[in-house]
Amino acid sequence: MSRLEHRGQTEELLTATLTQTVILAMHSEEFHQAQTIPRRADTRLKVVKRAIDFMRQHLQEEIGVPEICAAAFASRRSLQYCFEEFLQTTPQAYLRALRLNEARRALKLHQDKPITAIASDLGFSSASHFTRHYKLMFEELPSDTVKAVHPHAGPILF
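The opening position of the sequence shown corresponds to residue 945 in our numbering, with each subsequent residue numbered one higher.
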């Protein structure tokens, strides 16, 4: 084997080893981050506050848990744990409650806007899904909210 061939094989082996080491380091760091829940209560509370701030700022946008995790600088597991610890609910349920409250406010303020448009603006793709959750939360239908605030105006459904 010539000296050039030996050197080429050595470089290939070194490159492969370095690449493998970098990949392993990246994966172990991601695994460690994903498994780590902040130890201090004030740090866990900051995760919740960052998540809530993000949710409030993006109520009318299509956001999900991955986007909330990124904004809160937390893994899905950490976010879930922190929400359950401080709010006794999940991030998804909290986001839904924020949106339902915003929908109720909008129904009371904008009697001329269709209920389905308000629901759609706040990320509810299904009118029945929106109505079911609204009734569970407020113990009345969205149309009843409109009627209670504006008794002489009929609700605009579509």
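Using N, Cα and C, we set each Cβ at its ideal position, and we do this for glycine too.
Note that the coordinates shown come from a computational prediction; the quantities given were computed from them, not determined experimentally.
**Contact set for M999: own chain, Cβ-Cβ below 6 Å, skip 5 residues either direction** = L1039, L1042
**Asked** What is the DSSP secondary structure of K1057, reduced to helix, strand or coil?
**Response** coil
**Prompt:** So is P1010 in contact with chain D if we call contact Cβ pairs under 8 Å?
**Reply:** No chain D is part of this structure, which consists of one protein chain only.
**Message:** Looking at the secondary structure, which residues open and close the alpha helix (DSSP H) in which S1069 lies?
**Reply:** First-last for S1069: undefined, no H or E at that position.
**Request:** Measuring alpha carbon to alpha carbon, tell me which of F1074, A1016, C1026, S1064 ends up nearest Q1004.
**Result:** S1064
**Message:** Please identify the residue among A1092, H1077, L1066 whose C-alpha is closest to the C-alpha of Q1001.
**Reply:** L1066
**Item:** Coil, strand or helix - F1030 by DSSP
**Value:** helix
**Prompt:** Hey, out of A1050, Y1025, E955, K1079, whose CA is closest to R984's CA?
**Reply:** Y1025
**Item:** Whole-angstrom distance between A1016 and K993, CA atom to CA atom
**Value:** 8 Å
**Prompt:** Straight-line CA distance for F1082 to L1044?
**Reply:** 9 Å
**Message:** The alpha helix (DSSP H) that contains R988, what's its start and end?
**Reply:** 985–1001
**Request:** Out of Q1036, H1073, P1058, point me to the one whose CA is closest to V1009's CA.
**Result:** Q1036
**Asked** Considering only C-alpha positions, which residue in the set S1019, T1033, L1023, L1051 is nearest to A1092?
**Response** L1051
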